[in-house]
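Notes follow the structure.
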Amino acid sequence: MTAVLYRLGDTGPAISEIRSKLTLLRLLDDTAPGPSVFDEDVQHAVRHFQQERGLTVTGVVDATTYRVLDEARWRLGDRLLSYVVANPQSGDDVMALQRRLSELGFDVGQVDGVFGPRTGEAVRELQRNMGLNADGTCGPSTFKALDRLAPLVTGGRPDSLRASEVLRRAGKRLPGKVVVIDPGHGGSDRGHTGHGLEEAAIVADLASRIEGRLAATGVQTFLTRGRGAEVELDEAARARFANETGANLMVSLHVDAHTNPDASGVSTYYYGGDRPGTTSAIGEQFAGLIQREIVARTDLVDCRSHAKTWDLLRHSTMATVRVEPGYITNPRDAARLADPDFRDVVAEAIVVAVQRVYLPTGEDAPTGVLHLRDLAQA
Ligand SMILES: [Zn+2]
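In structure tokens:
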């Protein structure tokens with residue numbers, strides 16, 4: 001998690017800016033602006049905002065919350081939108097544009113509020129269709145065209161329908177598939193620690209077990225962290241790397257931690273927020289499969305799958321799932337994580353979930369019964 005920038009009790013100009021942003025979003029009622037204090041009303045509004053946006057609900061403003069809060073002020077039509085290679089535009093207006101284009105049947109990929117090359121191509125396509133100058137920039141004439149067009153698809157989730165279609169067309173055989181494995185920590189970033197264990201070491205070991213098994217089934221794998229060459233990329237950069245591989249799926253590996261040593265269990269996360277059209281349906285499906293397989297094969301507590309908008313999930317264009325198989329701070333989970341046999345079981349569960357993503361419904365074997373040898377023959 002990112003460091004806390006502002007919290008309960010803080011004062012100053014940044015707090016009045018936060019207050020006015022929350023007021024604009026109708027999450028705070030700042031009719032009589034008094035002293036610029038991060039009071040309990042602000043804390044409540046921040047929690048509400050984080051909940052709504054699929055961020056971790058903490059009530060404190062960290063760098064991610066601050067950025068998302070800043071992006072939330074843009075309404076479609078407020079500014080020109082176009083694809084800027086070096087520094088892509090992001091915000092609520094971009095998300096509204098993507099949702100609108102998607103409803104009209106244009107392929108924008110994931111509705112993520114980031115103006116990437118696919119959004120640019122979709123704008124050009126729209127402009128060509130409308131007889132406008134196809135420059136890929138959304139200005140007044142394009143906004144007007146968008147207003148005039150009635151959606152082709154309503155009530156559905158066109159982006160997610162398309163994602164499952166792409167996977168279905170990819171076929172059910174594993175050879176030739178591309179999967180990115182993201183060890184969540186490495187190099188000088190050791191992640192959470194507990195009971196003599198380091199998260200970075202656990203996820204590196206898990207990654208190589210998964211990589212070996214996938215290679216045995218003919219799947220091409222990429223790791224977001226190089227061996228030896230420790231270039232440490234942040235989540236957004238690792239997502240961009242994954243996008244360039246043309247992968248179908250990405251698995252990000254972490255373990256959980258909590259100040260309460262009783263917290264335990266396995267969770268999975270996929271891209272999504274509370275707002276309609278923003279959830280990756282295929283990501284949700286993949287997360288559910290990994291969750292089920294791990295729960296069926298281990299005695300970890302089932303902490304379920306959850307939608308989040310963390311950078312890696314948001315910026316990756318394939319179905320991405322973050323897996324946290326156990327709490328390093330819980331004595332029983334830590335003992336499991338320290339055991340190579342347990343890590344083997346988790347790796348196998350994830351590889352079987354990868355295969356299940358491609359199996360058409362109906363051909364699915366019951367959870368927990370598929371093994372690597374069956375996959376190699378499939
Ligand atoms: Zn982690």
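Numbering (the UniProt record's numbering), first residue to last: 1 to 378.
For every residue, glycine included, the Cβ atom is placed at its ideal position computed from N, Cα and C.
Fair warning: this is a prediction, and the values are worked out from it, not measured in the lab.
**Prompt:** Buried or exposed: where does Ser-141 fall if 16 or more other Cβ atoms within 10 Å of its Cβ makes it buried?
**Reply:** Numbered from 1 along the sequence shown, position 141 holds the residue referred to as residue 141. Exposed, since its Cβ has fewer than 16 Cβ neighbours within 10 Å.
**Asked** To the nearest angstrom, how far is it from the Cα of Thr-221 to the Cα of Ala-3?
**Response** In the sequence shown, counting from the first residue as 1, residue 221 sits at position 221. In the sequence shown, counting from the first residue as 1, residue 3 sits at position 3. If you take the alpha carbons of Thr-221 and Ala-3, they lie about 32 Å apart.
**Coarse secondary structure for Ile-18, derived from DSSP in three states** = Position 18 of the sequence shown, counting from 1, holds the residue named residue 18. It is helical.
**Asked** Does the beta-carbon of Gly-113 have 16 or more other beta-carbons within 10 angstroms, so that it is buried, or is it exposed?
**Response** Position 113 of the sequence shown, counted from the start, is the residue given in the question as residue 113. That one is buried.
**Prompt:** For the putative contact between Ile-181 and Leu-233, defined by C-beta atoms under 8 Å, what is the C-beta separation to the nearest angstrom?
**Reply:** To locate residue 181, count along the sequence shown from 1; it is residue 181. To locate residue 233, count along the sequence shown from 1; it is residue 233. About 14 Å separates the two Cβ atoms, so there is no contact after all.
**Prompt:** Using the C-alpha atoms, what's the distance from Tyr-66 back to Thr-309?
**Reply:** Position 309 of the sequence shown, counted from the first residue, corresponds to residue 309. Position 66 of the sequence shown, counted from the first residue, corresponds to residue 66. A direct Cα-to-Cα measurement between Thr-309 and Tyr-66 gives close to 14 Å.
**Item:** CB of Val-351 within 7 Å of CB of Arg-213, strictly
**Value:** The sequence position of residue 351 within the sequence shown is 351, counting from 1. The sequence position of residue 213 within the sequence shown is 213, counting from 1. Cβ distance < 7 Å, so Val-351 and Arg-213 count as in contact.
**Message:** At a cut-off of 6 Å, would you count Gly-191 as near ligand 1, judging by its Cβ distance to the nearest heavy atom?
**Reply:** In the sequence shown, the residue the question calls residue 191 occupies position 191. Gly-191 Cβ: within cutoff of ligand 1.
**Item:** Simplified DSSP assignment, three categories, for Val-85
**Value:** Residue 85 sits at position 85 when you count from the first residue of the sequence shown. Coil, per DSSP.
**Request:** Leaving aside the five residues before and after Glu-235 along the sequence, list all residues of the same chain whose C-beta is less than 6 Å from its C-beta, in chain order.
**Result:** Locating residue 235 in the sequence shown gives position 235, where the first residue counts as 1. Contacts found: Asp-311 and Leu-312.
**Prompt:** Measuring CB to CB, does Tyr-327 end up less than 7 Å from Ser-267?
**Reply:** Within the sequence shown, the letter at position 327 stands for residue 327. Within the sequence shown, the letter at position 267 stands for residue 267. It is not a contact, given that the beta carbons lie outside the stated cut-off.
**Asked** If you follow the beta strand (DSSP E) that Val-266 is part of, which residue opens it and which one closes it?
**Response** By 1-based counting over the sequence shown, the position of residue 266 is 266. Unbroken beta strand (DSSP E) run through Val-266: 266-271.
**Request:** Per DSSP, which residues does His-306 bridge with? Please list them.
**Result:** Reading the sequence shown from its first residue, position 306 is the one you call residue 306. Answer is Tyr-269, bridged to His-306.
**Message:** Distance check for Ala-134 and Val-255, CA to CA, integer angstroms please.
**Reply:** Position 255 of the sequence shown, counting from 1, holds the residue named residue 255. Position 134 of the sequence shown, counting from 1, holds the residue named residue 134. If you take the alpha carbons of Val-255 and Ala-134, they lie about 47 Å apart.
**Prompt:** Distance, Cα to Cα, Gly-155 vs Arg-99?
**Reply:** Translated into the one-based positions of the sequence shown, residue 155 becomes position 155. Translated into the one-based positions of the sequence shown, residue 99 becomes position 99. Any reading at Gly-155 must be qualified, since the residue scores a pLDDT of 40, below 50, and its modelled position is unreliable; the value itself is stated next. Rounded to the nearest angstrom, the two C-alpha atoms are 12 Å apart.
**Request:** Return the residue from the list Thr-58, Thr-320 and Asp-107 that minimises the CA-CA distance to Arg-7.
**Result:** On the sequence shown, residue 7 is found 7 positions in, with the first residue counted as 1. Taking only the C-alpha atoms, the option nearest Arg-7 is Thr-58.
**Request:** Please state if the CB of Met-250 and the CB of Ala-242 are separated by a distance shorter than 7 Å.
**Result:** One-based indexing of the sequence shown puts residue 242 at position 242. One-based indexing of the sequence shown puts residue 250 at position 250. The answer is yes: Cβ separation under 7 Å.
**Prompt:** Do Ala-353 and Leu-289 have their C-beta atoms closer together than 7 Å?
**Reply:** Reading the sequence shown from its first residue, position 353 is the one you call residue 353. Reading the sequence shown from its first residue, position 289 is the one you call residue 289. Yes; because the gap between Cβ atoms is below 7 Å, this pair is in contact.
**Message:** Could you pull the DSSP bridge partners for Asp-189 from this structure?
**Reply:** Within the sequence shown, numbered from 1, the residue matching residue 189 stands at position 189. Under DSSP, the beta-bridge partners assigned to Asp-189 are Gly-186.
**Item:** Neighbourhood of Gly-184 by C-beta distance below 6 Å, restricted to the same chain and skipping five residues each side
**Value:** Along the sequence shown, read from residue 1 onward, the residue named residue 184 stands at position 184. So the list reads Val-203, Ser-252, Leu-253 and His-254, once near-sequence residues are dropped.
**Message:** Assuming contact is defined by CB atoms lying nearer than 7 Å, are residue 379 and Leu-126 in contact in what I supplied?
**Reply:** This structure cannot settle anything about residue 379, because the visible part of the chain is limited to 1 through 378.
**Prompt:** Does the Cβ of Gly-194 lie closer than 6 Å to at least one heavy atom of ligand 1?
**Reply:** To locate residue 194, count along the sequence shown from 1; it is residue 194. It does not: the Cβ of Gly-194 is nowhere closer than 6 Å to a heavy atom of ligand 1.
**Message:** Is the separation between the beta-carbon of Gly-54 and that of Ala-307 shorter than 7 Å?
**Reply:** Stepping through the sequence shown from its first residue, residue 54 is reached at position 54. Stepping through the sequence shown from its first residue, residue 307 is reached at position 307. Taking 7 Å as the Cβ cut-off, Gly-54 and Ala-307 qualify as a contacting pair.
**Request:** Specify the secondary structure class of Gly-194 as computed by DSSP and reduced to three states.
**Result:** Counted from its first residue, the sequence shown places residue 194 at position 194. Of the three classes helix, strand and coil, the one that applies to Gly-194 here is strand, per DSSP.
**Request:** Would you grab the beta carbon distance between Tyr-271 and Gln-51 for me? Rounded to a whole angstrom, and I think it's under 8 Å.
**Result:** Counted from its first residue, the sequence shown places residue 271 at position 271. Counted from its first residue, the sequence shown places residue 51 at position 51. About 16 Å; that fails the 8 Å criterion.
**Message:** Quick check on DSSP: helix, strand or coil for Ser-316?
**Reply:** Within the sequence shown, numbered from 1, the residue matching residue 316 stands at position 316. Coil.
**Message:** For Leu-253, list the residues DSSP reports as bridge partners.
**Reply:** Here residue 253 refers to the residue found at position 253 when the sequence shown is read from its first residue. Looking at the DSSP assignment, Leu-253 forms a beta bridge with Pro-183 and Val-323.
**Request:** In the DSSP assignment, find the unbroken beta strand (DSSP E) run with Phe-222 in it and report its ends.
**Result:** Stepping through the sequence shown from its first residue, residue 222 is reached at position 222. Per DSSP, Phe-222 belongs to the beta strand (DSSP E) from 220-223.
**Prompt:** By how many angstroms is the C-alpha of Arg-336 removed from the C-alpha of Phe-342?
**Reply:** Numbered from its first residue, the sequence shown carries residue 342 at position 342. Numbered from its first residue, the sequence shown carries residue 336 at position 336. Approximately 6 Å between the Cα atoms of the pair.
**Item:** Euclidean distance between Cα positions of Leu-174 and Asn-248
**Value:** Position 174 of the sequence shown, counting from 1, holds the residue named residue 174. Position 248 of the sequence shown, counting from 1, holds the residue named residue 248. Leu-174 and Asn-248 have their alpha carbons spaced roughly 11 Å apart.
**Prompt:** How many Å lie between Asp-299 and Gly-191 at the Cα?
**Reply:** The sequence position of residue 299 within the sequence shown is 299, counting from 1. The sequence position of residue 191 within the sequence shown is 191, counting from 1. Each residue's Cα considered, the two are about 24 Å apart.
**Prompt:** Considering only the beta carbon of each residue, do Asp-92 and Trp-74 sit closer than 7 Å?
**Reply:** Taking the sequence shown and counting its residues from 1, one reaches residue 92 at position 92. Taking the sequence shown and counting its residues from 1, one reaches residue 74 at position 74. Contact flag set, yes.
**Asked** Exposed or buried, what is Thr-11 when buried is set at 16 or more other beta-carbons lying within 10 Å of its beta-carbon?
**Response** Position 11 of the sequence shown holds residue 11. It is exposed - the Cβ of Thr-11 has fewer than 16 other Cβ atoms within 10 Å.
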